[in-house]
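First to last, the sequence lines map onto chains A and B. FYI, in full-length UniProt numbering the residues of the first sequence are 1 to 108. FYI, in full-length UniProt numbering the residues of the second sequence are 1 to 108. In this text, a Cβ means the ideal position worked out from N, Cα and C, and glycines have one as well.
2 protein chains.
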Amino acid sequence: MNAPLIEKTCGFADSQTVAAKLAALSHPTRIEILRHLSASRSCCCREIVDHLDLAQSTVSQHLKILVDAGLVRYEPDRQRSRYEVDSDALEDVSASLAALVNSCCSGR
Amino acid sequence: MNAPLIEKTCGFADSQTVAAKLAALSHPTRIEILRHLSASRSCCCREIVDHLDLAQSTVSQHLKILVDAGLVRYEPDRQRSRYEVDSDALEDVSASLAALVNSCCSGR
DNA sequence: ATCGTCTATCGCCGATAGACGATGAACGCT
DNA sequence: AGCGTTCATCGTCTATCGGCGATAGACGAT
């Protein structure tokens with residue numbers, strides 16, 4: 001493969017990957033979406049639009065960001081869309097952060 | 001089966017607060033800074049500038065963001081500055097994310 | 001066939017992030 | 001006093017974010 005670019009950062013899980021996942025989580029609306037999503041088990045875009053007070057296009061955009069980050073699964077269902085929290089991915093992010101924090105605090 | 005009322009009383013921080021902390025962590029450079037900071041116990045701006053390949057002003061800016069987010073402690077020391085990881089704050093963020101993730105995954 | 005609903009996407013915008021160089025203050029050293 | 005070092009801050013530039021309305025495609029219902 002090309003571009004082994006982050007070789008110089010001492011061989012941990014690379015910062016870029018962790019940062020990207022956290023970036024997807026670093027917006028209050030997206031956290032709210034995750035909460036609503038998990039509370040409803042799964043739901044469509046409109047449902048979230050009703051819950052939050054934002055334009056449909058905005059919500060759709062936030063959902064796309066979550067899907068692209070791999071934190072939410074997407075499945076077209078008729079004319080609706082089913083969005084569902086990817087629990088494994090979420091726990092993975094949490095574990096990554098925990099590992100980072102742990103390695104940063106391991107000397108006290 | 002039973003409702004996760006424990007979380008409610010344990011009070012995860014509101015979305016805005018969590019998002020703000022995560023935002024501070026959602027940049028590879030800042031994660032790298034945290035790692036270096038913790039590995040060195042504490043260090044000055046210049047040290048980080050040497051480690052990363054960025055302008056001093058850029059590094060200073062990233063440090064300010066981390067300090068403002070409460071994740072790094074700052075103490076002027078002569079003409080230098082001492083930056084130090086705030087372990088408690090870091091663990092707090094990690095715990096907040098864990099709580100959020102947990103509440104999102106509690107039904108599977 | 002047409003209408004209404006639900007989505008995703010596009011274009012546009014203001015605001016913010018992230019990078020830089022330049023500058024000046026604080027300090028140690030000679 | 002003068003020099004070198006360290007650092008925070010300012011101004012600037014560009015790219016991206018986050019919001020919106022408008023639009024078009026897909027679909028169910030009438």
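- Around L90 (chain B), the beta-carbon contacts reaching into chain A at under 8 Å are V101, C104, C105.
- A buried status is given to R30 (chain B), since no fewer than 16 other beta-carbon atoms sit within 10 Å of its beta-carbon.
- S81 (chain B): not part of any alpha helix (DSSP H); member of the beta strand (DSSP E) spanning 80-85, first to last residue.
- Non-local C-beta neighbours of I65 (chain B) in its own chain, meaning closer than 6 Å and more than five positions away in sequence, comprise A24, ordered along the chain.
- Within chain B, no C-beta atom comes nearer than 7 Å to that of Q56 (chain A); the closest sits roughly 20 Å away.
- Assignment of R30 (chain A) by DSSP, reduced to helix, strand and coil, places it in the helix class.
- Inter-segment contact for the segment 100-107 of chain B and the segment 67-84 of chain B is absent: fewer than three beta-carbon pairs are separated by less than 8 Å.
- For C43 (chain B), the pairing in a beta bridge is given by DSSP as B:Y83.
- When DSSP states are grouped into helix, strand and coil, D50 (chain A) belongs to the helix group.
- With a contact defined as Cβ atoms closer than 8 Å, L37 (chain A) and E84 (chain A) qualify at about 7 Å.
- In the assembly as shown, D86 (chain A) is a buried residue. Its beta-carbon has 16 or more other beta-carbons within 10 Å.
- In the DSSP assignment, D77 (chain A) falls outside any alpha helix (DSSP H) and lies within the beta strand (DSSP E) extending over 72-77.
- Beyond the five residues adjoining it in sequence on each side, C44 (chain A) comes within less than 8 Å, by CB distance, of D77, R80, S81, R82, Y83 in the same chain, given in chain order.
- According to the DSSP assignment, A69 (chain A) belongs to no alpha helix (DSSP H), since it is labelled neither H nor E.
- Within chain A, the residues L22, L25, S26 have their CB atoms less than 7 Å from the CB of L22 (chain B), given in chain order.
- Relative to the Cα of S42 (chain A), the nearest Cα in the group A:L63, A:V93, A:L54 belongs to A:L63.
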